[in-house]
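Student: Got a structure for you, written out below as structure tokens; questions coming shortly.
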Amino acid sequence: MTETPRELTVTSSPHLAGEDSVPRIMHGVWLALLPAAFAAVFVFGYQALVVLLLATLGCVIAEGLMLTLRGFSWKAVGRSLTDGSAIVTGVLLALNLPASSPWWLVLVGALVAMSLGKHLFGGLGNNPFNPALVARVFLLISFPTHMVASAYTPPVAGFGESSEKAAARYEEQVDARSYATPLTALQEAIEKSDPEEARAAIAELRRNYPMWHLFVGNIGGSLGEVSALALLLGALLLFWRRSITWHIPIPLLLAVLLTTGLPWLLAPDSFANPLFHLLSGGLLLGAFFMATDMVTSPVSPRGMVVFGVGIGVITAVIRLWGGYPEGISFAILMMNGAVPLLDKYFKPAKFGAAGRRT
Amino acid sequence: MPDVTIPGLVLAAILVNNVVFAQFLGICPYLGVSKRLDTALGMGMAVVFVMVMAVAITWPIQHYLLAPGALGEEIDLSYLSTIAFILVIASLVQLVEIVLKKVLPALYQALGIYLPLITTNCAILGVAILAHRQQLSFLQGLIFAAASAVGFILAIMLFAGLRESLEQRDVPESLAGAPIAFITAGILAMAFMGFAGLGG
Numbered sequence: 001m002t003e004t005p006r007e008l009t010v011t012s013s014p015h016l017a018g019e020d021s022v023p024r025i026m027h028g029v030w031l032a033l034l035p036a037a038f039a040a041v042f043v044f045g046y047q048a049l050v051v052l053l054l055a056t057l058g059c060v061i062a063e064g065l066m067l068t069l070r071g072f073s074w075k076a077v078g079r080s081l082t083d084g085s086a087i088v089t090g091v092l093l094a095l096n097l098p099a100s101s102p103w104w105l106v107l108v109g110a111l112v113a114m115s116l117g118k119h120l121f122g123g124l125g126n127n128p129f130n131p132a133l134v135a136r137v138f139l140l141i142s143f144p145t146h147m148v149a150s151a152y153t154p155p156v157a158g159f160g161e162s163s164e165k166a167a168a169r170y171e172e173q174v175d176a177r178s179y180a181t182p183l184t185a186l187q188e189a190i191e192k193s194d195p196e197e198a199r200a201a202i203a204e205l206r207r208n209y210p211m212w213h214l215f216v217g218n219i220g221g222s223l224g225e226v227s228a229l230a231l232l233l234g235a236l237l238l239f240w241r242r243s244i245t246w247h248i249p250i251p252l253l254l255a256v257l258l259t260t261g262l263p264w265l266l267a268p269d270s271f272a273n274p275l276f277h278l279l280s281g282g283l284l285l286g287a288f289f290m291a292t293d294m295v296t297s298p299v300s301p302r303g304m305v306v307f308g309v310g311i312g313v314i315t316a317v318i319r320l321w322g323g324y325p326e327g328i329s330f331a332i333l334m335m336n337g338a339v340p341l342l343d344k345y346f347k348p349a350k351f352g353a354a355g356r357r358t
Numbered sequence: 359m360p361d362v363t364i365p366g367l368v369l370a371a372i373l374v375n376n377v378v379f380a381q382f383l384g385i386c387p388y389l390g391v392s393k394r395l396d397t398a399l400g401m402g403m404a405v406v407f408v409m410v411m412a413v414a415i416t417w418p419i420q421h422y423l424l425a426p427g428a429l430g431e432e433i434d435l436s437y438l439s440t441i442a443f444i445l446v447i448a449s450l451v452q453l454v455e456i457v458l459k460k461v462l463p464a465l466y467q468a469l470g471i472y473l474p475l476i477t478t479n480c481a482i483l484g485v486a487i488l489a490h491r492q493q494l495s496f497l498q499g500l501i502f503a504a505a506s507a508v509g510f511i512l513a514i515m516l517f518a519g520l521r522e523s524l525e526q527r528d529v530p531e532s533l534a535g536a537p538i539a540f541i542t543a544g545i546l547a548m549a550f551m552g553f554a555g556l557g558g
């Protein structure tokens, strides 16, 4: 069959196609996550690299497995594997885990993300919840000892290594002081019953975590929680490529600033200042890379703003008064659940429809 | 009377100890009438109404009849509370329904079938029992009931929205319908675990 000349092809509108496609967006997102990944490897060493590779590989394999189980042809499986969405989930998952995660924790996370988080709902574009976050919250409540504060310090046995031996090796190799994450330290400080002690703890916190360290990333935490600088670099890339807009992350961050700022203004001695909240924990990672996931966020700009504010307020409330030191992953999951309602109640006006007179 | 603040009580009932997500009470209406948003809202309203009524009527019964020593030194009827509550709540709602139909037909129409449906629900009995187990005062009990019902509305509205949207998604055939609804409910409950320990 001869190819019809371009000028003679007759099609219905639209005639102008944008350059955005799933592979373009997805590959852009994991590229934008690379600075944060590099920072994590720089701070935590080869352990972080192992977690990153394991999570990415695990997600890609799990994606292939799920697609095959769902009866897709090899061609379709190949196309899905190369569109980059599994890589994004894998890197995001790794950035949500501590560097000391045992290998099985990472693999269970990858499987949960791809099955429970994504393919049970019908795969890419159909999942109501962010897959990486479903996996993180699943791991957090299933294996709390590996995911909470203490997991950020103790050594973990490698393949076929006893934990005693690993501990000895760790003692030999240790080349950086490790301590509780800033948010855990903050929570312990807040929970002190004696107000004097609490105040002293907050003051010590301020000495231990100068803003500059929080910003550059010389702190404990999950892989993606360490360097605000690297995350902002990645976010800039996403903004530049127009993969994300301001409608979700900026209201989200403002809501956190306001909610944590009010109690701080009232009692500066007993609360951490809002900037500390902004730079610590997974807030920036969540705000720029996970809340902005196109599939699991509202469609209309107004819906996005409400979505962002909701996440910000819930995050701040969990941080200030909740039992968990960090709340961003729970907050995003909850608001993911509210997206259908937001889409329903914040519909953009139809083009050409008569507006309400005000 | 325990030392609780009203905002603390309300927040705990709505978010931390959400009837559906944290206590797994009232799962039958939660799954049964969450296919569409408007029916979900109707059910939610009926729950608010019945829950507050239930606590309003069971609290005096518990305190003045069933509590140990309420009727006399040696008399302890507290083992009767479950069956007494069920009986009282069911007959009360039937009575209210008859009265509503005559006096406030508009409200009766709005609550519709959900009023009798919710009567024998475990969430209602659960909240009535929890209210006196936490040793709340009468007023606190009413606020606790209303807040629990608001928590139920929150849960069922979120869930109904998700289920409506799931119908447009490419869910694998073997999981469409009830299975994916259960999975979605599970993930929502996981997300709400983030509120655990709030204010505690």
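Chains as they are written, first to last, in my numbering: chain A, 1 to 358; chain B, 359 to 558. The C-beta atom is built at its ideal place from N, Cα and C for all residues, glycine as well. Treat the numbers as computed from the prediction; the structure is a model and nothing was measured.
(1) Would you check if there are 3 or more beta carbon pairs closer than 8 Å linking the segment 323-334 of chain A to the segment 267-278 of chain A?
(2) Taking just the CA atoms, how far does Gly109 of chain A sit from Leu139 of chain A?
(3) Closest Cβ-Cβ distance between Met551 of chain B and chain A: below 9 Å?
(4) Within 10 angstroms of its Cβ, does Trp246 of chain A collect 16 or more other Cβ (buried), or is it exposed?
(5) Identify whether Pro131 of chain A lies in helix, strand or coil by the three-state DSSP scheme.
(6) With a 10 Å radius around its C-beta and 16 neighbouring C-beta atoms as the bar for buried, classify Arg394 of chain B as buried or exposed.
(7) Threshold first: 4 residues or longer. Then list the alpha helix (DSSP H) segments lying entirely within the segment 367-402 of chain B, N to C.
(8) Express the C-alpha separation of Asp269 of chain A and Thr260 of chain A in angstroms, rounding to a whole number.
(9) Taking Ala230 of chain A as the reference, give the member of A:Arg241, A:Leu253, A:Leu279 and A:Gly84 with the closest Cα.
(10) Taking Arg394 of chain B as the query, report the chain A residues whose CB atoms sit under 8 Å from its CB, ordered along the chain.
(11) Report the neighbours of Leu399 of chain B on chain A: residues whose CB is nearer than 7 Å to its CB, in chain order.
(12) Which two residues bound the contiguous alpha helix (DSSP H) that contains Thr440 of chain B?
(13) Quick check on Pro98 of chain A: does DSSP put it in helix, strand or coil?
(14) Ordered along the chain, which non-local residues of its own chain (more than five positions away) have a Cβ less than 7 Å from that of Leu81 of chain A?
(15) In the DSSP assignment, the alpha helix (DSSP H) including Ser12 of chain A goes from what residue to what residue?
(16) For Gly160 of chain A, count the other beta carbons within 10 Å of its own beta carbon; 16 or more makes it buried, fewer makes it exposed. Which is it?
(17) Strictly under 9 Å for the Cβ-Cβ distance: is Val88 of chain A near chain B by that measure?
(18) Does the Cβ of Thr145 of chain A have 16 or more other Cβ atoms within 10 Å, making it buried, or fewer, making it exposed?
(19) Considering only residues of the same chain and omitting the five flanking positions on each side of Glu172 of chain A, which have a CB-CB separation below 8 Å?
(20) Which class does Ser227 of chain A belong to by DSSP, given the choice of helix, strand or coil?
(21) Please list the terminal residues of the continuous alpha helix (DSSP H) segment that includes Ala338 of chain A.
(22) Under a three-way DSSP split, which group does Ser150 of chain A fall into?
(23) Under 9 Å between the Cβ atoms of Leu95 of chain A and Ala37 of chain A?
(24) Is Ser85 of chain A buried or exposed, if buried means 16 or more other CB atoms sit within 10 Å of its CB?
(25) Three Cβ pairs or more, each shorter than 8 Å: is that satisfied between the segment 400-413 of chain B and the segment 467-474 of chain B?
(26) At a Cβ cut of 8 Å, what residues of the segment 310-331 of chain A count as close to chain B, listed as they run along the chain?
(27) Within its chain, find whatever has a CB closer than 7 Å to the CB of Ile248 of chain A; leave out the 5 residues flanking it on each side and keep chain order.
(28) If the cut-off is 8 Å on Cβ atoms, which residues from the segment 440-463 of chain B count as contacting chain A, listed in chain order?
(29) Between the alpha carbons of Leu285 of chain A and Gly366 of chain B, how many angstroms are there, rounded?
(30) So, at 6 Å on beta carbons, what are the nonlocal neighbours of Ala504 of chain B in its own chain, with the 5 sequence-adjacent residues on each side left out?
(31) Got a sec: is the Cβ-Cβ distance from Ala554 of chain B to anything in chain A below 9 Å?
Tutor: Let me spell this out:
(1) no
(2) By one-based count along the first sequence, residue 139 of chain A stands at place 139. By one-based count along the first sequence, residue 109 of chain A stands at place 109. Between Leu139 of chain A and Gly109 of chain A, the alpha-carbon positions lie close to 7 Å from each other.
(3) As a working note, residue 551 of chain B is residue 193 in the second sequence. Yes, because at least one Cβ of chain A sits closer than 9 Å to the Cβ of Met551 of chain B.
(4) For the purposes of this step, residue 246 of chain A is taken as residue 246 along the first sequence, with counting starting at 1. That one is exposed.
(5) Looking up residue 131 of chain A in the first sequence gives position 131. If DSSP states are grouped into helix, strand and coil, Pro131 of chain A belongs with the helices.
(6) In the second sequence, counting from the first residue as 1, residue 394 of chain B sits at position 36. By the neighbour-count criterion, in which 16 or more other beta carbons inside 10 Å mark a residue as buried, Arg394 of chain B falls on the exposed side.
(7) 385-390
(8) For the purposes of this step, residue 260 of chain A is identified with residue 260 of the first sequence, where counting begins at 1. For the purposes of this step, residue 269 of chain A is identified with residue 269 of the first sequence, where counting begins at 1. If I take the Cα positions, the gap works out to 13 Å.
(9) Taking the first residue of the first sequence as 1, we reach residue 230 of chain A at position 230. Among A:Arg241, A:Leu253, A:Leu279 and A:Gly84, the Cα nearest to that of Ala230 of chain A belongs to A:Leu279.
(10) If you number the second sequence from 1, residue 394 of chain B lands on position 36. Per Cβ cutoff of 8 Å: no residues; Arg394 of chain B is ~12 Å from chain A at best.
(11) Here residue 399 of chain B corresponds to residue number 41 of the second sequence, with the count starting at 1. The contacting residues do not exist; Leu399 of chain B stays about 11 Å from chain A at best.
(12) In the second sequence, the residue the question calls residue 440 of chain B occupies position 82. Unbroken alpha helix (DSSP H) run through Thr440 of chain B: Ser439 to Val461.
(13) Taking the first residue of the first sequence as 1, we reach residue 98 of chain A at position 98. DSSP places Pro98 of chain A in strand when its eight states are reduced to three.
(14) Sequence index remark: in the first sequence, residue 81 of chain A carries index 81 (1-based). Cβ neighbours of Leu81 of chain A beyond the five flanking positions: Val60, Glu63 and Gly64.
(15) As a position in the first sequence, residue 12 of chain A is number 12, starting the count at 1. Element bounds for Ser12 of chain A: n/a, residue is neither H nor E.
(16) Residue numbering aside, residue 160 of chain A sits at position 160 when the first sequence is read from its first letter. At Gly160 of chain A, the pLDDT of 43 sits below 50, so the modelled position is not reliable; the number obtained from the coordinates is stated separately. Answer is exposed; the Cβ neighbour count stays below 16.
(17) What you label residue 88 of chain A is simply residue 88 of the first sequence in a count that begins at 1. Output row for Val88 of chain A: interface = no.
(18) For the purposes of this step, residue 145 of chain A is taken as residue 145 along the first sequence, with counting starting at 1. Thr145 of chain A is exposed by the Cβ-count criterion.
(19) The residue labelled residue 172 of chain A in the question sits at position 172 within the first sequence. Low confidence applies to Glu172 of chain A: its pLDDT is 49, below 50, so where it sits in the model is not reliable enough to give any reading.
(20) Here residue 227 of chain A refers to the residue found at position 227 of the first sequence. Coil.
(21) Locating residue 338 of chain A in the first sequence gives position 338, counting from the first residue. Residues Ile328 to Tyr345.
(22) Residue numbering aside, residue 150 of chain A sits at position 150 when the first sequence is read from its first letter. Unreliable placement is indicated for Ser150 of chain A, whose pLDDT of 46 sits below 50; the coordinate value is still reported in the next sentence. DSSP, read as helix, strand or coil, puts Ser150 of chain A in helix.
(23) For the purposes of this step, residue 95 of chain A is taken as residue 95 along the first sequence, with counting starting at 1. For the purposes of this step, residue 37 of chain A is taken as residue 37 along the first sequence, with counting starting at 1. Cβ atoms of Leu95 of chain A and Ala37 of chain A: closer than 9 Å.
(24) The sequence position of residue 85 of chain A within the first sequence is 85, counting from 1. It counts as buried.
(25) yes
(26) Ile314, Val317, Ile318, Trp321, Gly322, Gly323, Tyr324, Gly327, Ser329, Phe330 and Ala331
(27) On the first sequence, residue 248 of chain A is found 248 positions in, with the first residue counted as 1. Within the same chain, Ile248 of chain A has close Cβ partners Ala291, Thr292, Ser297, Met304, Phe307 and Gly308.
(28) Look at the segment 440-463 of chain B: it has no residue with a C-beta under 8 Å from a C-beta of chain A.
(29) The residue labelled residue 285 of chain A in the question sits at position 285 within the first sequence. The residue labelled residue 366 of chain B in the question sits at position 8 within the second sequence. Approximately 31 Å between the Cα atoms of the pair.
(30) Translated into the one-based positions of the second sequence, residue 504 of chain B becomes position 146. So the list reads Val410, once near-sequence residues are dropped.
(31) As a working mapping, residue 554 of chain B is identified with position 196 in the second sequence. With 9 Å as the cut-off, Ala554 of chain B counts as an interface residue toward chain A.
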